[in-house]
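Student: One structure, pasted below without further comment.
Number of protein chains: 4
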Amino acid sequence: MKRIGVIGPNKSMCSKELYDFGVELGKRIATADRSIICGGLGGFMEAVCKGAKQSDKTFSGQTIGILPDEVTDNANPFIDTAVATGAGIARNLIIVNSADIIIAAGGGAGTLSEIAFAWQKKKTVLCVTLFDGWAKELAGKNLDSRENGLLIPVNSIDEILKHLDNA
Amino acid sequence: MKRIGVIGPNKSMCSKELYDFGVELGKRIATADRSIICGGLGGFMEAVCKGAKQSDKTFSGQTIGILPDEVTDNANPFIDTAVATGAGIARNLIIVNSADIIIAAGGGAGTLSEIAFAWQKKKTVLCVTLFDGWAKELAGKNLDSRENGLLIPVNSIDEILKHLDNA
Amino acid sequence: MKRIGVIGPNKSMCSKELYDFGVELGKRIATADRSIICGGLGGFMEAVCKGAKQSDKTFSGQTIGILPDEVTDNANPFIDTAVATGAGIARNLIIVNSADIIIAAGGGAGTLSEIAFAWQKKKTVLCVTLFDGWAKELAGKNLDSRENGLLIPVNSIDEILKHLDNA
Amino acid sequence: MKRIGVIGPNKSMCSKELYDFGVELGKRIATADRSIICGGLGGFMEAVCKGAKQSDKTFSGQTIGILPDEVTDNANPFIDTAVATGAGIARNLIIVNSADIIIAAGGGAGTLSEIAFAWQKKKTVLCVTLFDGWAKELAGKNLDSRENGLLIPVNSIDEILKHLDNA
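Chains as they are written, first to last, in this note's numbering: chain S, 39 to 205; chain V, 39 to 205; chain D, 39 to 205; chain R, 39 to 205.
Here it is in C-alpha cells:
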C-alpha cells in the first residue's frame, strides 16, 4: 500500500475552502485504500484525516501524525497513530522520509520547508494549484539544478487520484 | 487504546527462547486490542510484531516501527506502519515518547538507552525477568533518586497482560 | 550580536564568484569579531570559514560546523568546532536555532529549507542579491502572513557588516 | 586536538564534592589543551567548564554546550559555544558522536543513556569511581557482548590525564 504524505497549513492559515477541499481529498484517498502521513496537527492536516475517517472504506491505522512535541496530546482527533518525535519542526523531514509520494496544498513557511526537503530526498510532490500558497507558487518549477520535474501541478482531486494510481 | 512500547535486542543478540517468547507475547497483546510501537527491526522487535499479525484479532496499523534510517527498507515484514526517522539510535526517544507503557526483555546497550530515556520521561517499564540482559538486571531497581518504582519486574505473559489491563 | 549563521550552496552548486565572495565575507566577519555557524561542508560554507581563518583577527572556535553525519570526518578543513548531529538535513534547524542572525547567498533546496526554518523561528536573514538562487529570489519577500520583513536584501559585504553592527 | 566529552549529573544530583572535582578536572583539561563538549547545563557540566575557563591556558571556543532546547538561554555561563539542538534529551547522542573520548562521573539516568550510546558508537568512556552513580557502577563492565573493555575505571584526575595523553 502506498503511503501518501500530506502537507499544508496549520489552523491559523487554513481557509474554509482549503479545509473543505482537504476533507473531500481525505475521503477519496481513503476510498483508494492508501494511508496518510502528515504533521498530525490542525488545518489542512486535520481536514484530510477527518475526511479519511468519514469514509466507510477507512481502516484503523490509516492516519499517521508525526508530531513536533514530546507528547501526543496535540494530535488532531482524526489521527489513528500519533508519533511524538520531540524534534520540533525538524520532524518535517520524517514525514518526507516516510512518504512514498506527497500532496501539498496552500502552504506557508512550514510547507515550504517540507517541499524543500522532499526535493532533496527526490520525492514527487503533487502541488495543488487551487489555493494561494507555496504549493501553487512552486508547482511546475525546479528548486535547483540537481533534480527536475518533481513538483507536479494538479488542479483537481481527480487529477491527484490519477497520479496516485500511477505511482 | 493503549499504545505498548516494546524494546529488546535486535537479531544478533536475540536467543531462540526470547524470540519465541516475543511471538507469544505479540499474540496476546493483539488479542488484548493494543497497538505495538517498537524500533521496527529484527530480533525481539520482529518477534512481537510477528505474533501480533498471526493473531486473528490483529488489525491494520497495529504494529508501528520507528526506524533509525532515512528509508523504510529495513523494517521487519510484520510492521504495518513504518516511520523513517533518519535519527539513528536517537530514535529510541521517539519510541519512549509515543508509548503509554513499555515492555522490556533481554537487552543490550540499545535497550539500556531506552530504559534510561523511559525513566527520564516517567514512563513505566515492565521488565521481563526470564532472560539475561538489562531488562532483568534493572527490574525493581531505581536508576536515580528522581523517580521511584517505574521499573516493574514481571515474570510471565499473564503478569504483563494484567499490568496492561490495569494501566 | 555574536553568532552569525551562514547558509548557501554546497560544492556542487557554488560558483567561483560565490566562493570568492564567501572568502572575502569570512575575512570581514572575522575582523568584526563574530563567530560563524554553518553546515560545516563545502562550497559557500567552506569559503566563509576559509576567509575567517585567513584573517589575523581570527580566534580558535570561531568557525562552527553543524554536520549532517554521525561522524565529523566530512567537515571542511577550516572548521574549528565540528558537531556530528547524525540528524541528516534536519540539522539545518540546529543552525537556525543557534544563530543570532543569518546570512544567505546563492542557494538551492537546502538553503531554501533553512530560510523557511529561519522564518518560523523569527530570525532575520540577510539575503545577498548578487548571485542567483533562493537568497536572491526571496530577498525582501514574505514567506507567509505570520511574520513580516525578516528577509532583508543586501548587495554588498559593507551592507552586511552594517547590519551586523546594528543588530 | 582531541575533543573530550564530559558527562555527569545536572545541578539537582551533583554533590559539592563532585562539583569541586569537576572544577579541578576542567582546569587540568584546559592545561592539556583539549576542548570540552558537554550537555551545556548545570552541575558537573558547569563545573568542568568553569574550571577550564579559570585556567590561564584556556582559549576561546574551548567549552562547547550541546543543549536540549531550541534556544541557547539555558547554557551555563562558562560555555563558549552553545548549540541549540531542539532535540531534547536525544541530544545526548550528538555529544557522544562529536567526542573523541568521554569522561563520566556520578550519573543518573541521563548519564546512563549517554554511556549506553557511547557503547553503541564504540567510544571509550573513562568512568570515575570516586562518586556514586552509573559511572562508578559500570566502570570496568561490559554493557553487552558486542564490544569489550570500553568502560575504563579511573580513580584520579592524574589517571584521566594519562589516558587523554595516550588517546
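The C-beta atom is built at its ideal place from N, Cα and C for all residues, glycine as well. Keep in mind it's a predicted model, so treat the numbers as computed, not measured.
Taking Cβ-Cβ distances shorter than 9 Å, what residues in chain S pair up with G148/R?
Tutor: Here the premise fails: no neighbours, minimum Cβ distance about 15 Å.
Student: Would the segment 52-59 of chain V count as touching the segment 185-192 of chain V if we require 3 or more Cβ pairs under 8 Å?
Tutor: no
Student: Give a yes or no on whether the minimum CB-CB distance between E108/V and chain S is below 9 Å.
Tutor: yes
Student: Helix, strand or coil, according to DSSP, for G64/S in the structure here?
Tutor: helix
Student: Taking the Cβ atom as the reference point for each residue, do A90/S and G124/S lie within a distance shorter than 9 Å?
Tutor: no
Student: Do you know how far the Cα of S183/D is from the Cα of R72/S?
Tutor: 33 Å
Student: Assuming S73/D is part of the beta strand (DSSP E), what are its boundary residues?
Tutor: 73-76
Student: Using a beta-carbon distance cut-off of less than 7 Å, what residues from the segment 132-145 of chain S approach chain V?
Tutor: I132, N135, S136
Student: Between which two residues does the alpha helix (DSSP H) containing G145/S stretch?
Tutor: No alpha helix (DSSP H) contains G145/S, which DSSP labels as neither H nor E.
Student: Is the Cβ of Q100/V closer than 9 Å to any Cβ of chain C?
Tutor: Looking for chain C here will not work: the only protein chains present are S, V, D and R.
Student: Round the Cβ separation of V166/S and I141/S to the nearest angstrom and send it over; I've been treating them as touching at under 8 Å.
Tutor: 7 Å
Student: Taking three-plus beta-carbon pairs below 8 Å as touching, is the segment 107-115 of chain R in contact with the segment 155-171 of chain R?
Tutor: no
Student: How about the segment 147-156 of chain R and the segment 41-49 of chain R: do they share at least three Cβ pairs that are nearer than 8 Å?
Tutor: yes
Student: Using the beta-carbon of each residue, which ones in chain D are nearer than 7 Å to S151/S?
Tutor: S151, A154, F155
Student: Taking S183/V as the query, report the chain R residues whose CB atoms sit under 8 Å from its CB, ordered along the chain.
Tutor: For S183/V, the chain R residues whose Cβ falls inside 8 Å of its Cβ are M51, G146, in order along the chain.
Student: How long is the line joining the alpha carbons of A205/D and G78/S, rounded to whole angstroms?
Tutor: 37 Å
Student: Indicate whether T119/R and G99/D have their beta-carbon atoms separated by less than 9 Å.
Tutor: Cβ distance < 9 Å, so T119/R and G99/D count as in contact.
Student: Taking 9 Å as the CB-CB limit, is T167/R close to chain D?
Tutor: no
Student: Taking I198/D as the reference, give the member of L168/D, L181/D, W172/D with the closest Cα.
Tutor: L168/D
Student: Does the CB of G77/S have a neighbour CB from chain R at under 9 Å?
Tutor: no
Student: Alpha carbon to alpha carbon, what distance is there between A156/S and D58/R?
Tutor: 50 Å
Student: Rounding to the nearest angstrom, what Cα-Cα distance links I42/S and T96/R in this structure?
Tutor: 53 Å
Student: With G43/R as the anchor, note down where its alpha helix (DSSP H) starts and where it stops.
Tutor: From DSSP, G43/R is part of no alpha helix (DSSP H) but of the beta strand (DSSP E) over 41-45.
Student: Determine the contact status of I127/D and L105/S, defining contact as a CB-CB distance below 9 Å.
Tutor: Judged by their CB atoms, I127/D and L105/S are not nearer to each other than the 9 Å cut-off.
Student: Identify whether C87/R lies in helix, strand or coil by the three-state DSSP scheme.
Tutor: helix
Student: Comparing C-alpha positions only, which one of D203/R, L181/R, V61/R, D138/R sits nearest to F116/R?
Tutor: Checking every option, the nearest Cα to that of F116/R belongs to V61/R.
Student: Can you check whether the CB of A173/D is closer than 9 Å to the CB of I153/D?
Tutor: Yes, they are a contact pair.
Student: For N193/D, count neighbouring C-beta atoms within 10 Å of its own C-beta (all shown protein chains included) and say buried if the count is 16 or more, exposed if not.
Tutor: exposed
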